[in-house]
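Going by the working numbering, the sequence shown opens with residue 21, and the numbers climb by one from there.
All residues carry an ideal CB built from backbone N, CA and C; glycine is no exception.
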Amino acid sequence: MTLRDAAAQRILILDGAMGTMIQDYGLTENDFRNEQLVDIPGQMKGNNDVLNLTRPDVIMDIHRRYLQAGADIIETNTFSSQRISQADYRLEGYAVRLSLEGARLARQAANEFSTPEKPRFVAGSVGPTNKTCSMSPDVSNPAARELTYDDLYQAYTEQIEALVEGGVDALLIETIFDTLNAKVAIDAAQSVMASHQISLPIMLSVTVSDLAGRTLSGQTLEAFLASISTYDIFSVGLNCSFGARQMKPYLKELARKAPYYISAYPNAGLPNSMGLYDETAESMTPQIGEFIDEGLVNIVGGCCGTTDEFIARYARWAQGKKPRRVVAKPKTMWLSGLELLDETPEVQFVNVGERCNVAGSRKFLRLIKEKNYEEAMSIARKQVEDGALVIDVNMDDGLLDAKAEMVTFLNMIAAEPDIAKVPVMIDSSKWDVIVAGLKCCQGKCVVNSISLKEGEEKFIEHAKDVQRYGAAVVVMCFDERGQATSFERRIEIAGRAYRILTEKVGMNPLDIIFDPNILAIATGMEEHDNYAVDFIKSVEWIKNNLPGAHVSGGISNLSFSFRGNNYVREAMHAVFLYYAIKAGMDFGIVNPAAKVMYTDIPEEHLQILEDVVLNRRKNASEDLIELADRLKKEAEEASARQNVGNSQAENREGWRSEPVDKRLGYALRKGIGDYLDEDIREALKVYPRAVDIIEGPLMAGMNEVGELFGAGKMFLPQVVKTARTMKQAVYILQPYIEGEKKDNSSKAGKVILATVKGDVHDIGKNIVSVVMSCNNYEVIDMGVMVPAEHIVKKAIEEKADLIGLSGLITPSLEEMVNVAVEMRRAGLDIPIMIGGATTSQLHVALKIAPVYSGPVVWMKDASQNALAAAKLLNKAEEPSYANSLNEKYAKLREGYRQEQQQLISIDEARKNKLNLFES
């Protein structure tokens with residue numbers, strides 16, 4: 021029976037701490053030395069791995085005690101058995117022997133206890149080392165690294181070679197605090213196994229460093245899962261750092277999302293002030309029992325502070341219990357920086373920031389040449405602030421050392437969480453530059469790009485490198501015959517590349533992004549006029565014929581003929597994107613600060629632009645050139661008169677002469693904050709109360725944003741811009757709202773608001789906060805990405821009267837259910853108000869209300885919250901209101917059930933098929 025077979029059948033028991041057990045043997049410095057080590061200076065005690073050579077009897081005894089206690093898997097005593105960690109003891113040359121002997125000892129012990137019914141397995145322990153590839157040791161030089169990918173790869177390769185030779189059944193890369201270190205270990209493990217023509221399970225175990233649920237290097241667990249999503253992983257779990265109680269919320273997160281077996285081996289609680297562990301085997305076992313009974317784990321064991329007594333109790337509790345069922349692999353592309361980018365349908369379009377490209381930005385090129393990295397990073401930061409979901413970085417210039425500059429810049433932005441939170445697109449025509457960039461990033465990057473222009477062999481070689489370093493890839497529609505410009509050539513190359521990548525390389529189709537070449541239109545050459553149409557047709561063909569694949573392109577190429585006229589260029593891009601995204605285009609390298617949206621374009625302009633982009637008639641290009649000249653002239657004249665710049669998109673275009681309510685709605689929709697002070701002061705003279713401005717024009721603007729987003733006419737980065745503008749407006753209005761409140765009036769109730777975990781959008785929640793405050797409720801806003809357990813804890817601490825949950829994207833729906841479940845488990849029945857773009861009354865009725873003991877109310881918009889809250893907190897009204905909700909939800913559930921029953925079976929459907937060959 022293999023480890024994989026055993027894990028499918030039962031919960032497996034991992035052993036406990038090695039160091040804690042060693043302490044019971046009363047070893048002295050002499051026990052850590054032998055005749056070979058006697059002359060090595062410095063204290064050796066504490067280097068527990070060396071006992072594999074000096075006191076193998078102790079290590080064997082510990083293995084046997086854990087096996088006797090019921091452990092299915094024992095770890096080798098090799099946590100630090102590589103040259104980097106052993107350098108502290110001047111034992112670099114002994115690292116391989118430590119690993120080899122550690123594996124042999126564990127193998128011997130496991131063989132002694134193995135039976136056909138209960139085989140025992142050896143996991144080769146691979147620790148993180150005491151250095152990090154992702155962080156600088158020098159606070160004054162964020163680009164510096166104490167350890168490189170290649171140095172660590174060599175050390176890990178030596179260690180894993182020895183572990184394999186010693187006979188391990190699996191490789192356990194554990195206590196991961198830096199995902200880049202872990203990726204190096206995975207890379208080394210895969211290389212060693214390939215050279216030995218074997219396949220061992222790779223087990224990963226992360227340590228969370230704070231209550232925000234991040235690793236020491238700053239990554240969330242979701243982002244970590246994305247970083248490893250291209251690899252063949254056996255299990256993922258958590259160890260060290262926390263005790264079982266503190267670990268549980270993060271374990272639940274992994275259990276919900278990770279398509280692998282789940283392991284957990286926590287410390288015996290948190291260390292006390294003396295560095296000791298207060299939990300006992302008796303007190304810890306019920307906590308581990310919760311992991312087991314709630315179906316969260318496949319493998320359990322112990323870390324610091326645990327002994328064979330703990331393991332024996334865990335084994336008894338797990339006896340006969342069902343292991344966690346492994347969840348399905350994600351059906352959407354996962355990318356990551358410090359945070360996850362899940363390319364769900366709600367995202368619609370992944371906006372790739374284009375300005376960190378020396379070939380496309382003169383300013384960025386100048387800053388890199390001048391080594392002015394601080395200002396260069398500000399360009400990246402601005403792109404993220406403007407809504408870029410991925411940052412494209414390109415250093416290809418004849419006067420630059422592209423490889424060195426790529427490494428320096430990526431290392432520097434790794435130290436900037438507001439930039440590093442998004443994934444990086446590593447963009448270069450030089451493969452060594454791309455590889456150097458990949459070796460800097462702990463997240464899941466995008467490689468831009470590979471193609472068939474050098475033939476299949478080189479294409480496959482590059483694709484395998486992409487997989488090796490855990491990335492997704494852009495595939496250009498080039499082959500040995502050159503660039504594809506027609507629809508036929510585009511789909512020919514895309515189809516061929518897809519088959520090679522999925523069938524020969526084994527790449528996940530979700531990690532493939534085709535770029536079918538956006539080429540310039542309206543150039544005056546008739547053969548160019550259909551380029552945009554052919555691209556859009558190619559997008560549709562790829563989406564229909566190459567399952568899972570994505571489509572991207574460099575948008576600025578389209579309007580190359582109109583350099584210098586920003587308005588026309590941005591308008592062309594808006595029209596092109598409107599139709600390309602409809603066809604399925606889901607990535608694009610664009611300027612995230614672009615201001616012209618499809619809905620902004622005047623009808624007379626739109627007609628011409630669509631005629632050009634969609635090639636609907638001859639001479640459309642001439643009309644566009646004429647329009648561009650006219651608009652440029654008008655802009656120049658307006659600039660001369662008003663000194664307001666020459667950008668047609670920023671020119672007032674009449675909107676500033678609209679009534680104040682229209683101006684506020686327009687500013688909100690466009691994300692323009694320049695005139696908010698002026699317009700709000702004017703609005704305060706028109707509206708009786710400050711809150712009326714929020715409930716009136718600003719709310720109307722937000723509703724319009726929601727409609728445009730749902731219709732595909734606004735994209736997520738643009739929605740984020742409106743959120744910032746809304747915050748700005750609320751900030752301006754806040755003093756007026758506070759001044760209008762009645763002094764010393766009692767509060768109507770206490771409300772906790774939170775955007776649930778997995779969602780960073782708080783557009784609607786901010787409005788609710790203001791509206792509720794104005795209605796005399798005490799509002800506690802917990803912000804965004806709030807875990808369920810934090811909401812429950814805050815609700816209990818604050819004795820909250822109401823909970824408001826917000827979310828904009830589909831994953832939020834599942835998390836809202838989780839919050840309701842956790843609140844019920846905590847014995848709470850506080851009313852919950854649900855709001856956000858993807859929420860619905862039907863979802864509340866089907867998924868949330870049935871799992872909660874208190875009222876759950878779906879809020880269509882923010883204006884309803886105060887009315888609902890008043891009913892929920894009125895003792896006389898609440899029972900009838902709750903009953904009416906329950907009746908409504910029951911009807912919705914019954915209607916849904918009947919609708920589902922009307923769907924006939926697949927067999928019945930096949931009986932009714934159309935037969936084209938019947939006479």
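Taking each of S145, A164, S160, V159 in turn and checking the Cα distance to C153, the smallest one comes out for A164. Here the alpha carbons of K268 and E49 stand approximately 38 Å from one another. Shortest Cα-Cα distance from A648 to any of A591, Q239, N528 involves A591. The C-beta of Q403 has 16 or more other C-beta atoms within 10 Å across all chains shown, which makes the residue buried.
For the set S247, E181, T195, the Cα lying nearest the Cα of N259 is the one of T195. Leaving aside the five residues that flank E121 on each side, the residues in its chain whose CB is nearer than 8 Å to its CB run, in chain order, N72, L73, P76, G186. Contact annotation, L183 with T96: C-beta distance approximately 7 Å; criterion of less than 8 Å satisfied. DSSP places R84 in the uninterrupted alpha helix (DSSP H) bounded by 76-89. For the 8 Å CB-CB criterion, I93 and A143 form a contact. In terms of CA proximity to S303, A264 leads the group A264, S255, H625, P291. By the neighbour-count definition (other C-beta atoms within 10 Å, threshold 16), Y45 is an exposed residue. Here the stretch 587-603 lies against the stretch 566-576, with 3 or more beta-carbon pairs under 8 Å apart.
Shown here, L191 sits in a strand according to DSSP, grouped into three states. L430 is the residue among L430, A435, Y285 whose C-alpha sits nearest the C-alpha of V455. M802 and D849 have their C-alpha atoms roughly 19 Å apart.
I193 is positioned such that its CB atom lies closer than 8 Å to that of V146. Rounded to the nearest whole angstrom, the CA to CA distance from Q179 to N201 is 14 Å. Fewer than three Cβ pairs drawn from the stretch 221-228 and the stretch 490-502 lie within less than 8 Å of each other, which leaves the two stretches out of contact. Taking the Cα of R344 as reference, the smallest distance to any Cα among E359, P279, L361, E395 is reached at P279.
Assigned with DSSP and collapsed to three states, D881 falls in coil, not helix or strand.
For the beta strand (DSSP E) assignment, the uninterrupted runs of no fewer than 3 residues enclosed by the stretch 232-311 are, from N- to C-terminal side, 255-263, 281-287.
Cβ neighbours of V347 within its own chain (closer than 6 Å, five residues either side excluded): P279. By the C-beta criterion, the stretch 800-817 is judged not to be in contact with the stretch 875-883, since fewer than 3 inter-stretch pairs fall below 8 Å. Judged by their CB atoms, I104 and L57 are not nearer to each other than the 8 Å cut-off.
Per DSSP, the unbroken alpha helix (DSSP H) holding S558 starts and ends at 551-565.
Put simply, the backbone Cα of N150 is about 12 Å away from that of L236. Around T352, the same chain offers D362, E363, T364 as residues with beta carbons nearer than 6 Å, after the five sequence neighbours per side are excluded. Not a single unbroken stretch of the beta strand (DSSP E) spanning 3 or more residues falls wholly within the stretch 24-82. Check the Cα spacing between T22 and each of R140, D554, A710: the tightest is with R140. With distances taken between CA atoms, A889 lies nearest to S793 out of T428, A514, S793, Y872.
Partner residues in the beta bridge of K770, as assigned by DSSP, are E798. Within 10 angstroms of the beta-carbon of R689 lie 16 or more other beta-carbons, which makes it buried. Ranked by how close their Cα comes to the Cα of L360, the residues E395, S261, G856, R234 have R234 in first place.
Contact annotation: A710 and E760 have beta-carbon atoms nearer than 8 Å. The C-beta distance from G856 to S832 rounds to 6 Å, short enough to meet the 8 Å contact threshold. For L220, the secondary structure class from DSSP, reduced to helix, strand or coil, is coil.
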